[in-house]
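Before any comments, here is the structure.
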Amino acid sequence: MLPRHSDPIVAIATAPGRGAVGIVRVSGKQIGALVQALCGRALKPREATYLPFRDAAGQAIDQGLALYFPAPHSYTGEDVLELQAHGGPVVLQLLLARCLEAATGGVLDRLRLAEPGEFTERAFLNNKIDLAQAEAIADLIDASTEAAARGASRSLSGDFSREIHTLRDALVHLRMLVEATLDFPEEEIDFLRKADARGQLSNLQQSLARVMQRASQGALLREGIKVVIAGQPNAGKSSLLNALAGAELAIVTPIAGTTRDKVQQTIQIEGVPLHVIDTAGLRESDDEVERIGIARAWDEIAGADAVLFLHDLTRWGSAQYQDDDTAIAHTLSTRLPAGVPVVDVWNKADAAPQAAAPAREGESQAVLLSARTGQGLDTLRRQLLQIAGWQSAAEGVYIARARHIEALRAVDAHLMEAAAQLESDGPALDLLAEELRLAQNALNTITGEFTSDDLLGVIFSSFCIGK
């Protein structure tokens, strides 16, 4: 634990701006003297008390509720004082200043303003929560969909951590068997064969696969995917964005080149956030502003998780239009990273009711729709969910982060190496033991039982101050 973790800390714990209630939170060791200075009396533990909060001269700054949580029965595991006052910015700043002023008078040495996420960091360091639960707190606050909020709540309650601990316990038991064989090679009993080490490892890999599947779904709920709408001018890109969002976000006119810059909106389909970006029409242009917009469109396309290549059915009979579409398709194939799907979307079906989606060479998936009437939008939504890898009505999904997925993949790789050693004619038990040890270390990084201070700094710096 770093020296700064022993300092008492204080912060405004509610969002900036005006509100009905605002909270100033203090955490540290033995803060009873500060409680007396601010409240004029001792407080009963975990009991809300209505009283005036007084300045150094004894004048009331405000009246509100004071709550005192003695260690270790508090959010941080330290003594915690919460002052719930009226939610005006000036009032809260006065209370914050009063806390710091009282400390400088010898009431509480070294009281300082909390850094972002420091209250939750202390909860982690004092074993109130593990690292996955700490991250779930931020994910619950930042959740953009109901499904993401529910997944974060499951992680916060410990569902994800329990899965990780179950995997770790099975891994530790297997390591014990392997290392026992290493320690007593002269024994005639084959510990590994008798204990069915191969079966245990196989069961461990199957359990890991199930956890990885749910974690991948949770990561999708948290991060979503970036979908870029691309195509020639007047193909209906802005109309499609508006239709998917259910709002008039982008300007729609018959004038080619109306969209000069990207327009982005996050929508949700079955709780999965999709970051949909409308871009400038792709064509050659002498207009400097439009050229900049087109260049930005290609930049967005290069970073997309999926591209909706929009075609205009009413213009498909034009040789020039088809040639321009072919040129765009060729550029897409060269600029997009391998594996990024391109969905051919044939728009304006209402204006060409007899038309079928033309088959383009190399086309893998296509959708016929009308952004104006909504025809085909549900098909497109299902296609996007399929691309994202979402499993409909997934139960028990907990929120997860990219680092969790990377750690689980590392565990999987080490277990595969361990399985290869077990299956060999003369397994190198020292290498087998090492792979199992590395797998356990990777698992421990998820819950924070084996985590560098640098990683902690990155994780908690993304939290809001006061949390």
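Residue numbers for the sequence shown follow the numbering used here, so the first one is 1 and each next one is one higher.
All residues carry an ideal CB built from backbone N, CA and C; glycine is no exception.
Could you give the distance in angstroms between the alpha-carbon of L310 and the alpha-carbon of G389?
The alpha-carbon atoms of L310 and G389 are separated by roughly 22 Å.
For Q84, write down the residues that DSSP places opposite it in a beta bridge.
For Q84, which the question treats as bridged, DSSP gives the partners I23 and L65.
For Q36, I'd like the list of residues in its chain whose CB is within less than 7 Å of its CB, leaving aside the five on either flank, ordered along the chain.
The residues are A42.
Distance check for G64 and A20, CA to CA, integer angstroms please.
C-alpha separation (whole angstroms): 11 Å.
For L81, which of A349, T326, I23 and R382 has the nearest alpha-carbon?
For L81, the nearest C-alpha among the options comes from I23.
Does the structure place the stretch 316 to 326 close enough to the stretch 395 to 408 that three or more beta carbon pairs sit under 8 Å?
Taking 8 Å as the limit for Cβ pairs, the verdict is that the stretch 316 to 326 does not touch the stretch 395 to 408.
Between the Cα of A308 and the Cα atoms of A366, D287 and D324, which residue gives the shortest distance?
The sequence given here places Leu at residue 308; Ala does not occur at that position. Answer by Cα proximity: A366.
Is the CB-CB distance between I12 and L94 below 8 Å?
Their beta carbons are not under 8 Å apart, which means I12 does not touch L94 by this criterion.
If you draw a straight line from the C-alpha of V289 to the C-alpha of G281, how long is it?
The alpha-carbon atoms of V289 and G281 are separated by roughly 12 Å.
Could you give the distance in angstroms between the alpha-carbon of D299 and the alpha-carbon of E179?
D299 and E179: Cα-Cα distance of roughly 53 Å.
Express the C-alpha separation of Q386 and R222 in angstroms, rounding to a whole number.
In a straight line, the C-alpha of R222 is about 17 Å away from that of Q386.
Is it the case that the Cβ atoms of R18 and P89 are separated by a distance below 8 Å?
Against a cut-off of 8 Å, the Cβ pair of P89 and R18 comes out as a contact.
For the beta strand (DSSP E) containing L369, name the first residue and the last one.
Counting along the chain, L369 falls outside any beta strand (DSSP E), and DSSP gives it neither H nor E.
Beta-carbon within less than 7 Å of A243's beta-carbon, same chain only, minus the 5 sequence neighbours each way: which residues are those?
Around A243: A371, G374 and L377.
How is the beta strand (DSSP E) around A49 delimited, first residue to last?
The sequence given here places Thr at residue 49; Ala does not occur at that position. Unbroken beta strand (DSSP E) run through T49: T49 to R54.
Quick one: what's got a C-beta closer than 6 Å to L368's C-beta in the same chain, skipping five residues either side?
Hits under 6 Å: W346, A349, A357 and G376.
Rounded to whole angstroms, what is the Cα-Cα separation between A48 and H86?
The straight-line gap from Cα to Cα measures roughly 15 Å.
Buried or exposed for T120, going by 16 or more other Cβ atoms inside 10 Å?
It counts as buried.
With DSSP collapsed to three states, give me the class of L108.
Reduced to three states, the DSSP call for L108 is coil.
Confirm, please, whether the CB-CB distance from A143 to A152 is below 8 Å.
Yes, the Cβ-Cβ distance between A152 and A143 is below 8 Å.
Could you tell me the boundaries of the alpha helix (DSSP H) in which P89 lies?
It spans P89 to A102 - the alpha helix (DSSP H) in which P89 sits, taken as one unbroken run.
Could you check if L339 is buried or exposed, using at least 16 other CB atoms within 10 Å of its CB as the buried criterion?
The question names Leu, but residue 339 is Gly in the sequence shown. Per the 10 Å Cβ criterion, exposed.
If you follow the alpha helix (DSSP H) that I301 is in, where does it begin and where does it stop?
It spans E288 to A302 - the alpha helix (DSSP H) in which I301 sits, taken as one unbroken run.
Please go through the same chain and pick out, in chain order, the residues whose beta-carbon is closer than 7 Å to the beta-carbon of G294, but skip the five residues on each side of it.
The amino acid occupying residue 294 in the given sequence is Ile; Gly does not appear at that position. Cβ within range, chain order: A280, L282 and S285.
With a threshold of 8 Å, are at least 3 pairs of Cβ atoms found where one atom belongs to the stretch 163 to 181 and the other to the stretch 428 to 447?
They touch, by the three-pair rule.
Under a Cβ-count criterion, where at least 16 other Cβ atoms within 10 Å of its own Cβ denotes burial, should P45 be classed as buried or exposed?
Exposed, by the Cβ-count rule.
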